[in-house]
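If you're matching positions, the sequence shown starts at 1 in the UniProt record's numbering and goes up one per residue.
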Amino acid sequence: MTIKNELKRVCVKPFDKDKFEVVSDYTFILPSFNGIVPKGFITDGASIPRIFWSFFPPYRSEYFSACVIHDYLCEKANSRKDYKLADLALKEAMQELKCPKIKCFVFYHACNTFHFLKCFIRG
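See below:
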């Protein structure tokens, strides 16, 4: 019998206008990556252009925990490989949180494209 780990929701409190602070260490276990987002980490949720907020609100609980993981991994990223891992973690976390497949697809590919361009421009 295998035991499936469920991705728990992150606990945050308001920090600033559009930012939140992680209240306690947030441990996550995903198919390709495990880690801890430390207490005190500041996140802005999903970094979505305001024009798309009616479709994808940046603080929606449905995918907020996945965005916190992604923000933390992106903050630690130093290379294209690190960003790819962060984007994969976002996709897997959204899948674990039972987000619709189309949202997983859109978020993953939007982030992956952004990070590709960011790394390409930086050199």
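Don't be surprised by glycine CBs; every beta carbon is placed ideally from N, CA and C.
All figures in this text were calculated on a predicted structure; none of them were measured in a lab.
- By the C-beta density criterion, Gly45 is buried, having at least 16 other C-beta atoms within 10 angstroms.
- For Glu6, there is no enclosing alpha helix (DSSP H), as DSSP marks it with neither H nor E.
- Taking Tyr108 as reference, the option from Leu90, Asp16, Asn78 with the minimal CA-CA separation is Leu90.
- The C-alpha of Ala86 is placed about 15 Å away from the C-alpha of Leu117.
- In the three-state scheme derived from DSSP, where H, G and I count as helix and E and B as strand, Tyr59 is classed as coil.
- With respect to the 8 Å criterion, Gly40 and Glu21 are classified as neighbours on the basis of their beta carbons.
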